[in-house]
Ligand SMILES: Nc1ncnc2c1ncn2[C@@H]1O[C@H](COP(=O)(O)OP(=O)(O)OP(=O)(O)O)[C@@H](O)[C@H]1O
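In UniProt numbering, the protein residues as written are 1 to 478.
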């Protein structure tokens, strides 16, 4: 187990921290002043030093140089945030403002130790002396193996907002806290969930991802919670649900705002009691599942209209993560375009293609309503159709004047549009109008699955377009 040195002159704080760490199976050494700390650094094998800034005999931050490869976590009071910043500049790996809570401290320690282990593994394998802060190729974000070095192994981003998000993800990943990931469609919510799982202690267990919008309302409860034999017509045998399947690991509920109220009540029970009851069963079973949830909707506002349970909202909102829309990420748009282009070229085995200057300008100017997913799709299409090594703006097929219409046209191209829409194509209605018209005309008589089939799009896509065009689903009576 890791050996941690606590450097703190206040006996009460030192003992409390020691107790906390020992309770969590760490071995602890103590120092009450600067000289004792130096002595410990020189004579003991340490994995981490946690130090206060102000110490009798010297500055805690001066220990950073002495510690060499041993990571230093600095504790500071709110009043001395400047010294925290200073400490980070001098090479501290992290800082915690006092008073901190136990979970905060434990998760900081855990993520530092994970990073440290990976660093030494990398150094040992000769692949580098430190974990690169550059994004690395990461097509395989599945579970298994050791946790990744950092969120940057998964997600590209250099702007301030994304860096803050990455820090938060790294802090919360090793804890078992429920995380609510919010952001527009295509911003990377699912990717963030994968990163959270891969950097968690459950990384070698299953990550089960469920898109609540893609499962018919009538099936969602039995899919998630399982059912007993005969629980409903068609339940010929008992079946375990997805939550049970995620036991020991992580469950990612995407588009949680679409979860029907009955299923919300069951989910609340899982979060409160750690137990689940299959549909049609009177008995509960214990499960150990970490829940990650995502939505592009405003759940808080939904609670006001009784569309989402308030108690569940507060249970989910333990650690909110907000992913900014692509248009707010400044230079990251081009960074992402370059990285994604390289990734796609490699995957599609088409080397030597690049973006022309005009295409780069167009990419930077466009507002990307479909966010990273739209950028990725635009690049993939351009790679497929380009006949020259330079991708020109027209190949991206985005309309810089009227992005929304163009986007829908692109989506519609080549899809099996229903007859009703094909006929209407000759008139001057926009595709948005056709879509809206068709959905409003038919939604009372068709299920979402039928509508999507008729439109030649997936159920998820139908749902996304409903959101974008603000066409709510009709409330089913009875
Ligand atoms: N920061 C990023 N770096 C690299 N790829 C990204 C990043 N953000 C998103 N992507 C890619 O963009 C696509 C969309 O991301 P993802 O599915 O995670 O978005 P989402 O917010 O969950 O979308 P939705 O709400 O529609 O489910 C994926 O292919 C993902 O790999």
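A virtual CB, placed ideally from N, CA and C, is assigned to each residue, including glycine.
Ordered along the chain, which non-local residues of its own chain (more than five positions away) have a Cβ less than 7 Å from that of residue i?
i, result
"residue 462", "448, 451, 452 and 455"
"residue 16", "none"
"residue 375", "326, 336, 337, 340 and 368"
"residue 237", "229"
"residue 465", "435"
"residue 444", "474"
"residue 458", "452"
"residue 302", "257 and 308"
"residue 186", "370, 371, 372, 373 and 374"
How far does the alpha helix (DSSP H) with residue i in it reach, from first residue to last?
i, result
"residue 201", "Run containing residue 201: none; DSSP gives neither H nor E here."
"residue 41", "34 to 43"
"residue 24", "Segment: none, residue 24 is in no alpha helix (DSSP H) and carries neither H nor E."
"residue 277", "Segment 275 to 277 is the beta strand (DSSP E) holding residue 277; no alpha helix (DSSP H) there."
"residue 377", "371 to 385"
"residue 46", "No alpha helix (DSSP H) contains residue 46, which DSSP labels as neither H nor E."
"residue 168", "160 to 172"
"residue 361", "357 to 365"
"residue 299", "299 to 304"
"residue 563", "Coverage of the chain is limited to positions 1 through 478, which leaves residue 563 absent and any answer about it impossible."
"residue 315", "310 to 316"
"residue 482", "Given a span of 1 to 478 for the chain in the structure shown, any question on residue 482 remains unanswerable."
"residue 245", "242 to 245"
"residue 333", "332 to 347"
Over what stretch of residues does the beta strand (DSSP E) that includes residue i continue unbroken?
i, result
"residue 320", "319 to 322"
"residue 236", "That residue, residue 236, is in no beta strand (DSSP E); it is neither H nor E in DSSP."
"residue 294", "290 to 295"
"residue 95", "94 to 98"
"residue 250", "250 to 254"
"residue 3", "3 to 7"
"residue 284", "284 to 286"
"residue 180", "179 to 182"
Go through its chain and collect everything with a Cβ distance to residue i's Cβ below 8 Å, but skip five positions before and after it.
i, result
"residue 41", "5, 49, 63, 66, 67 and 70"
"residue 140", "Confidence at residue 140 is low in this model, with a pLDDT of 35, below 50, so its placement is unreliable and the value that follows should be read with caution. Nothing listed; no residue qualifies."
"residue 328", "161"
"residue 245", "206 and 208"
"residue 172", "107, 179, 196, 319 and 321"
"residue 158", "331, 332 and 335"
"residue 190", "209, 252, 254 and 294"
"residue 389", "352, 353 and 354"
"residue 427", "Annotation note: pLDDT 34 at residue 427 (below 50); position unreliable, no value reported."
"residue 202", "248, 249, 250 and 290"
"residue 440", "471"
"residue 446", "454"
"residue 163", "157"
Helix, strand or coil for residue i, going by three-state DSSP, please let me know.
i, result
"residue 567", "Absent from the structure is residue 567, since the part of the chain shown begins at 1 and ends at 478."
"residue 326", "helix"
"residue 469", "helix"
"residue 215", "coil"
"residue 55", "strand"
"residue 353", "coil"
"residue 389", "coil"
"residue 558", "Because residue 558 is not part of the residues shown, which for the chain are 1 to 478, the question remains open."
"residue 140", "No answer about residue 140 holds up, because its pLDDT of 35 lies below 50 and its placement is not dependable."
"residue 75", "strand"
"residue 16", "helix"
"residue 231", "coil"
My assumption, with CB atoms under 8 Å, is that residue i sits in contact with residue j. Please give the rounded CB distance.
i, j, result
"residue 250", "residue 290", "5 Å"
"residue 378", "residue 355", "Contact doesn't hold; Cβ gap of about 11 Å is too wide."
"residue 14", "residue 30", "6 Å"
"residue 267", "residue 220", "Not really, about 10 Å apart at Cβ, beyond 8 Å."
"residue 490", "residue 46", "One cannot answer for residue 490 here, as it falls past the ends of the chain, which runs 1 to 478."
"residue 198", "residue 181", "Residue 198 to residue 181, Cβ: 15 Å. No contact."
"residue 380", "residue 344", "6 Å"
State yes or no: is the C-beta of residue i nearer than 6 Å to some heavy atom of ligand 3?
i, result
"residue 376", "As for ligand 3, it is missing from this structure, which binds only ligand 1."
Note down, in chain order, each residue of its chain lying with its Cβ closer than 6 Å to the Cβ of residue i, except the 5 sequence neighbours on either side.
i, result
"residue 111", "170 and 174"
"residue 479", "What is shown of the chain runs 1 to 478, which leaves residue 479 out entirely."
Quick check: is the beta carbon of residue i nearer than 7 Å to any beta carbon in chain E?
i, result
"residue 172", "The structure shown contains no chain E; it is built from a single protein chain."
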